[in-house]
Every structure is written in C-alpha cells, then in structure tokens.
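Undergrad: Counting in my numbering, the sequence shown tops out at residue 1290, every number present. Using N, Cα and C, we set each Cβ at its ideal position, and we do this for glycine too.
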Amino acid sequence: MSDGNFNRALLPSTPYRSGFNMGRSQGIRASRKAMERVLRTTLPQLGEDTLQAMLEAFDNEMRES
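#1: Determine the contact status of S1260 and F1283, defining contact as a CB-CB distance below 7 Å.
#2: Quick check on the DSSP output: the alpha helix (DSSP H) that includes G1203 runs from which residue to which?
#3: Verify the contact flag: I1253, CB atom, against every heavy atom of the ligand FMN, threshold strictly below 6 Å.
Next comes the structure, spelled out in structure tokens:
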C-alpha cells in the first residue's frame, strides 16, 4: 500500500502555482519600492525611523491581503 506522496509524485507538475507566487512576490517588491519613492519625495521631512515604520506597516498590509 502506497502513501499519498508516492501518488503525487506520479502526477505531472503544474508550474501555475509557483509562477503565480513568483509574480505576486515581484509585485509586492515593486509596490514597496514605489511606496518608498513616493514617501521620500512627497514627505522629505520624515525621519528614517518613521519612514521605516511606515514601510513595515505597508509590508504587513501587503502580506495580509
């Protein structure tokens, strides 16, 4: 009697999911860079600590959605 892993190994691979995840992570990275550029240009008076806290909050929101 075989286990489920053996049976899954016989199925053809589906690259859709890995491609989807890769595209999503690239989109999140690009949006973080864009957010950082916007914050630095529109609010230059922000301190580095405040800027990093805002970017961290943005990252958390992106991960939750």
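TA: Here's the rundown:
#1: Looking at the sequence shown, residue 1260 is not Ser but Met. Contact flag set, yes.
#2: Absent from the structure is residue 1203, since the part of the chain shown begins at 1226 and ends at 1290.
#3: The ligand FMN is not among the ligands present in this structure, which contains no ligands whatsoever.
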